[in-house]
Amino acid sequence: MSQVNVGLCGLGTVGTGVVKILKDHAEEIKYKVGSEINIEKILVNDLHKKRDIVIEQDWLTTNPDDLINNPEIDIIIEVMGGIEDTNVLLEQAIRNKKHIVTANKDLMAVHGQKLLRLAKENKCDIFYDASVAGGIPIIRSLTEGLASDKIQKIMGIVNGTTNYILTKMTDEDLAFDPVLKEAQDLGFAEADPTSDVDGLDAARKMTLLANLAFKMEIGLDDVEVSGIRTISQEDITFATSLGYTIKLIGIASIHNGKVEVSVEPTLLPKDHPLALVKNEFNAVYVYGEAVGETMFYGPGAGSLPTATAVVSDLMEVVKNVRLGITGNEYITPQYEKQLKQNDEKYMQYFIRMEVDDAAGTFQKITNVFTDENISFAKILQLPSEKEKMAEIVMVTHKISKQQLLNSRENLKGLDVVNRIISYYRVDGED
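This is the structure:
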């Protein structure tokens with residue numbers, strides 16, 4: 000094949016980066032894959048919109064059929080986002096024997112397994128390395144570089160928006176709302192930041208990583224998700240005084256064939272590698288049975304970092320086409336899905352509560368935890384701003400989530416406990 004023709008769906012931030020790399024690196028790409036890559040058509044919403052890159056006008060179209068049903072196009076690159084409509088479009092493209100490269104983690108988390116099966120049936124490739132952590136090649140590392148290992152745990156910062164917000168809150172002693180506004184002004188956060196700050200974006204990425212790492216079909220509904228809206232400056236101050244940094248961490252782990260996947264605010268020791276990841280950067284920590292601990296770090300979003308991953312996937316498809324080995328990326332899940340129950344999920348917890356500042360209070364609280372066989376690694380008690388009240392901050396030793404839930408309910412029934420202010424996972428010390 001002297002030339003491979005590509006249809007590009009979307010010409011936003013990432014799409015523009017893809018065009019720029021394909022044009023600026025054309026000779027290097029041709030040398031590495033053995034074929035010239037030609038942009039045949041680009042699907043856009045507005046033909047006359049002013050753009051940041053010079054585009055051949057006859058490349059542009061507003062009609063998806065000009066790409067999906069075009070017999071001259073071999074590969075579809077999808078960087079326009081969306082789920083249901085995009086899924087329909089890509090399904091038709093695959094049935095038309097077109098290979099797919101996508102950066103759409105939302106689509107792949109919801110419909111990925113079905114699309115991968117359909118691609119295998121049609122001997123087509125789907126590559127989606129750019130859908131998780133932008134320019135960090137974490138998906139390819141799991142499927143290729145660490146393919147011979149048994150992955151035991153993945154934990155990472157996979158959302159740059161929340162990491163930027165928490166970095167500012169921690170380093171500059173700022174509250175959530177003004178930092179979110181600053182992130183929006185700088186373009187790190189969307190006008191509607193719900194998907195980022197409530198953890199859904201990270202959950203979709205962790206779904207994809209868990210599927211690959213544990214070779215079982217994990218769904219988005221299997222991920223426990225909580226975001227960062229409730230994190231206060233006081234939480235950060237207490238965590239810091241105890242030697243921790245709060246990050247929004249995605250965690251996927253397997254033990255005795257059972258899996259746990261979550262996205263939640265997590266306290267990490269200040270010297271943990273993930274605690275040192277600042278601003279909009281992403282990092283993923285992988286624990287393998289053979290390799291031990293590895294970490295992947297880099298920009299999690301942006302035009303050229305994400306476009307680099309997209310074009311790398313595109314080059315991989317071209318190589319497979321030339322070798323005649325397309326349609327082999329999807330592997331039927333090796334194991335039936337088994338999820339841990341709450342009494343099988345063990346971790347440490349940070350618990351912060353407001354209590355009566357009176358004799359006997361601590362004894363009553365201690366009795367609740369003793370009944371659940373919970374002991375503590377760290378305890379801090381400070382006066383509250385409210386009269387006759389105190390704040391207690393505790394870090395437990397490892398306990399089950401069920402123990403935490405039971406003790407939390409019992410604490411609510413104590414007349415000396417005014418409120419449980421917050422509780423977060425603690426990780427990275429084992």
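Counting in numbering that gives the first Met the number 0, the sequence shown runs from 0 upward without gaps.
Beta carbons are placed, not taken as given, at the ideal position from N, Cα and C, and that holds for glycine.
What three-state label does DSSP hand residue i in the structure shown?
i: G412; result: coil
i: N341; result: helix
i: G155; result: strand
i: N68; result: coil
i: Q333; result: coil
i: G186; result: coil
i: V320; result: helix
i: R203; result: helix
i: D197; result: coil
i: N417; result: strand
i: I20; result: helix
i: R50; result: coil
i: K377; result: strand
i: M79; result: coil
i: D105; result: helix
i: V276; result: coil
i: D370; result: helix
i: L433; result: One cannot answer for residue 433 here, as it falls past the ends of the chain, which runs 0 to 429.
With DSSP as the reference, please indicate the residues paired to residue i in a beta bridge.
i: I38; result: V5
i: N281; result: G297
i: P382; result: A389
i: L267; result: T244
i: E328; result: In the DSSP output, where bridge partners are listed per residue, E328 has none listed.
i: Y286; result: K152 and E292
i: S399; result: Y345
i: Y423; result: F349
i: T60; result: L42
i: I74; result: V5 and H98
i: D355; result: M388
i: V434; result: Beyond the ends of the chain as shown, which are 0 and 429, falls residue 434; an answer cannot be given.
Got a sec? Which residues, its chain only, sit under 6 Å from residue i by beta carbon, not counting five neighbours each side?
i: D65; result: K40
i: I398; result: I373
i: K257; result: Q337 and K339
i: H110; result: N86
i: P272; result: M294
i: Y423; result: P264, L266 and F349
i: D312; result: V100, F126 and D128
i: T395; result: Q347, Y348, I373 and F375
i: V78; result: G9, V13, G14 and A102
Residues in the same chain with beta-carbon distance under 7 Å from residue i, minus the five sequence neighbours each way, listed in chain order, please.
i: G159; result: F187, E279, F280, N281, G299 and A300
i: D200; result: N158 and S194
i: R203; result: K104, D105, A108 and L219
i: T305; result: V13, G16, A102, A129, G133 and G134
Looking only at its chain, what residues have a beta carbon closer than 8 Å to the beta carbon of residue i, apart from the 5 residues adjacent to it on each side?
i: L145; result: V285, G287, V290 and T293
i: I72; result: N4, V5, G6, E39, K40, L66 and K97
i: I164; result: F175, V178, L179, A182, A188, V196 and I227
List the whole-angstrom C-beta distance separating residue i from residue j, where the pair is believed to meet the contact cut-off of C-beta under 8 Å.
i: P63; j: L88; result: 6 Å
i: M205; j: A274; result: The pair is not a contact, with the Cβ atoms about 19 Å apart (cut-off 8 Å).
i: D221; j: V260; result: 6 Å
i: V7; j: I76; result: Per the sequence presented here, residue 7 reads as Leu, with Val not at that position. Contact flag correct, Cβ pair sits at about 5 Å.
i: A308; j: A129; result: 4 Å
i: V157; j: G249; result: 5 Å
i: N341; j: L410; result: No, N341 and L410 are not in contact; Cβ-Cβ is about 17 Å, not under 8 Å.
i: K246; j: N162; result: 7 Å
Let me check you understand the geometry: is the CB of residue i closer than 6 Å to at least one non-hydrogen atom of the ligand GDP?
i: I378; result: Of the ligands one can find in the structure shown there are none, so the ligand GDP has no counterpart to examine.
Which runs of the alpha helix (DSSP H) fall wholly inside the segment 110-182 and span at least 4 residues, in chain order?
159-170
Just list the alpha helix (DSSP H) runs in the segment 207-263, keeping only unbroken ones of 4 residues or longer that don't cross its boundaries, in chain order.
232-240
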